[in-house]
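Asks: Structure in structure tokens, see below.
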Amino acid sequence: MINRFRGTMDHWDPLLVDRIAAERRVILFDQPGFARSVGTPPDHLSGFAANVVALARALGIAQFDAFGFSMGGTVALQLLLDHPRAVRRAVVAGSAPGHVPGDLPSNQPAGQEVWSVATKPVNSDEDFLYLFFEPSPASQQAGRDYLARLAGRADAFSHQVDAQAWQAQLKSAMGVREAATSLLPRLKEIGHPVLVANGRHDIMAPTYASYAMAQELPRGWLKVFPDAGHGFLFQHAQEFADDVLRFLR
């Protein structure tokens, strides 16, 4: 499980993880220099991808399935390109490959208002509800339910991602922001089955990018959830977990 921008192990929804873990071995981790892990944070996608492989090798795992959420999904794509033999199948959720051409409103990258919230020193529950869930009553309630599940852990959020780490993360994301450096043109090189999924209106990683990835991936699958945004996988945790399990079988 490869996490999002500023995400820690404590941000994974137990409802999603437990349902997948009923059938599969699930490994949660913090990258070096993030939250519970010591070390120096990488500042480029290849470094994040190499850390995933290094962890697998340290655990004696020759090949694995990768689940990347948000920026973790971009890392998963880099992982498939850099270390194709290490991965069997991949899930890319609420993510983007970097720059995607087109000026449609649905393809606009997160604006200043979104990033001003995402890069606050400390995010409140209201910030999470704004960034991850639609403004509809049903989506907002699903977001509050998700936050309540996270609060059920005895030591939830005892470690956070410090500014040095998430700024390195942000630098790596900026590395694929331009057309010349985007991973999108390279996705045709990926022969693995890849499940791409998102909410219908993601203000963090435009949903249009999910369509673009599915178009370029030779063995790409796409699912878009209604009345959902960036946090669709927590809003529809059980349904998406079942989708993931079917895809990985």
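Numbering follows our numbering, with no gaps: position 214 of the sequence shown is 214.
Ideal Cβ positions, reconstructed from N, Cα and C, are used throughout, including at glycine.
At 3 residues or longer, what runs of the beta strand (DSSP E) sit wholly inside the region 161-228?
Replies: Runs of the beta strand (DSSP E) inside the region 161-228: 194-199 and 220-225.
Asks: Using only the alpha-carbon positions, how far apart do Glu23 and Gly220 sit?
Replies: Counting from one through the sequence shown, the residue named residue 23 turns up at place 23. Counting from one through the sequence shown, the residue named residue 220 turns up at place 220. Distance between the alpha carbons of Glu23 and Gly220: 23 Å.
Asks: Going along the chain, which residues of its own chain have a beta-carbon closer than 6 Å to the beta-carbon of Ala96, five neighbours each way excluded?
Replies: Locating residue 96 in the sequence shown gives position 96, where the first residue counts as 1. Cβ neighbours of Ala96 beyond the five flanking positions: Ala205 and Ala209.
Asks: Which two residues bound the contiguous beta strand (DSSP E) that contains Gly68?
Replies: Residue 68 sits at position 68 when you count from the first residue of the sequence shown. Per DSSP, Gly68 belongs to the beta strand (DSSP E) from Phe64 to Phe69.
Asks: Taking Ala90 as part of the beta strand (DSSP E), name the residues at either end of that continuous run.
Replies: Walking along the sequence shown from the start, residue 90 turns up at place 90. Ala90 -> beta strand (DSSP E) spans Val87 to Ala93.
Asks: Looking only at its own chain, which residues have a Cβ that is under 7 Å from the Cβ of Thr251, when we skip the five neighbours before and after it?
Replies: Given a span of 1 to 249 for the chain in the structure shown, any question on residue 251 remains unanswerable.
Asks: Quick check: the Cα distance between Lys120 and Arg57, rounded to an integer number of angstroms?
Replies: Here residue 120 refers to the residue found at position 120 when the sequence shown is read from its first residue. Here residue 57 refers to the residue found at position 57 when the sequence shown is read from its first residue. Taking the straight line from one Cα to the other gives about 35 Å.
Asks: So, helix, strand or coil for Ile261, using DSSP?
Replies: This structure leaves residue 261 out entirely; the chain is present only between 1 and 249.
Asks: My assumption, with CB atoms under 8 Å, is that Leu80 sits in contact with His192. Please give the rounded CB distance.
Replies: Taking the sequence shown and counting its residues from 1, one reaches residue 80 at position 80. Taking the sequence shown and counting its residues from 1, one reaches residue 192 at position 192. Going by Cβ atoms, the distance from Leu80 to His192 rounds to 6 Å, so yes, they are a contact pair.
Asks: If the criterion is Cβ atoms closer than 9 Å, does the pair Phe64 and Val100 meet it?
Replies: As a first step, residue 64 must be located in the sequence shown, where it is residue number 64. As a first step, residue 100 must be located in the sequence shown, where it is residue number 100. No, Cβ-Cβ distance for Phe64 and Val100 is not below 9 Å.
Asks: How should Glu126 be labelled, buried or exposed, when 16 other C-beta atoms within 10 angstroms of its C-beta is the threshold for buried?
Replies: On the sequence shown, residue 126 is found 126 positions in, with the first residue counted as 1. Glu126 comes out exposed.
Asks: Output yes or no for whether 9 Å exceeds the beta carbon distance between Phe234 and Gly143.
Replies: By 1-based counting over the sequence shown, the position of residue 234 is 234. By 1-based counting over the sequence shown, the position of residue 143 is 143. In this structure, Gly143 lies closer than 9 Å to Phe234 by Cβ.
Asks: If we count the other Cβ atoms within 10 Å of its Cβ and call it buried at 16 or more, is Phe240 buried or exposed?
Replies: Position 240 of the sequence shown, counted from the start, is the residue given in the question as residue 240. Phe240 should be labelled buried.
Asks: First and last residue of the alpha helix (DSSP H) that includes Leu150?
Replies: The count along the sequence shown starts at 1 and reaches residue 150 at position 150. First-last of the alpha helix (DSSP H) with Leu150: Pro137 to Ala151.
Asks: Please report the distance separating the alpha-carbon of Leu222 from that of Gly7.
Replies: Translated into positions along the sequence shown, residue 222 becomes position 222. Translated into positions along the sequence shown, residue 7 becomes position 7. Roughly 24 Å between the two C-alpha positions.
Asks: Pull up the CB-CB distance for Ala173 and Met71, whole angstroms please, since I reckon it's below 8 Å.
Replies: Residue numbering aside, residue 173 sits at position 173 when the sequence shown is read from its first letter. Residue numbering aside, residue 71 sits at position 71 when the sequence shown is read from its first letter. With 8 Å as the limit, Ala173 and Met71 qualify as a contact, their Cβ atoms being about 6 Å apart.
Asks: Let's test the definition: count the other Cβ atoms within 10 Å of the Cβ of Pro135 and tell me whether it reaches 16, buried, or not, exposed.
Replies: Walking along the sequence shown from the start, residue 135 turns up at place 135. Classification of Pro135: exposed, given that the 10 Å Cβ count is below 16.
Asks: Would the beta-carbon of Val75 fall within 9 Å of that of Ala49?
Replies: By one-based count along the sequence shown, residue 75 stands at place 75. By one-based count along the sequence shown, residue 49 stands at place 49. Taking 9 Å as the Cβ cut-off, Val75 and Ala49 qualify as a contacting pair.
Asks: Between which two residues does the alpha helix (DSSP H) carrying Ala96 extend?
Replies: By 1-based counting over the sequence shown, the position of residue 96 is 96. Careful: Ala96 lies outside any alpha helix (DSSP H) and carries neither H nor E.
Asks: Just how far apart, CA to CA, sit Glu113 and Ile203?
Replies: For this step, residue 113 is matched to residue 113 along the sequence shown. For this step, residue 203 is matched to residue 203 along the sequence shown. Taking the straight line from one Cα to the other gives about 10 Å.
Asks: Take the Cβ of Ser139 as the centre, count every other Cβ of all protein chains shown within 10 Å, and call the residue buried at 16 or more, exposed below.
Replies: In the sequence shown, counting from the first residue as 1, residue 139 sits at position 139. So Ser139 ends up on the buried side.
Asks: Apply the 10 Å Cβ neighbour rule to Pro226 and answer buried if 16 or more other Cβ atoms are within range, or exposed otherwise.
Replies: Here residue 226 refers to the residue found at position 226 when the sequence shown is read from its first residue. When all chains shown are included, Pro226 counts as exposed.
Asks: Taking DSSP as the reference, what is the three-state secondary structure of Ile20?
Replies: Numbered from 1 along the sequence shown, position 20 holds the residue referred to as residue 20. Ile20 falls in the helix class under three-state DSSP.
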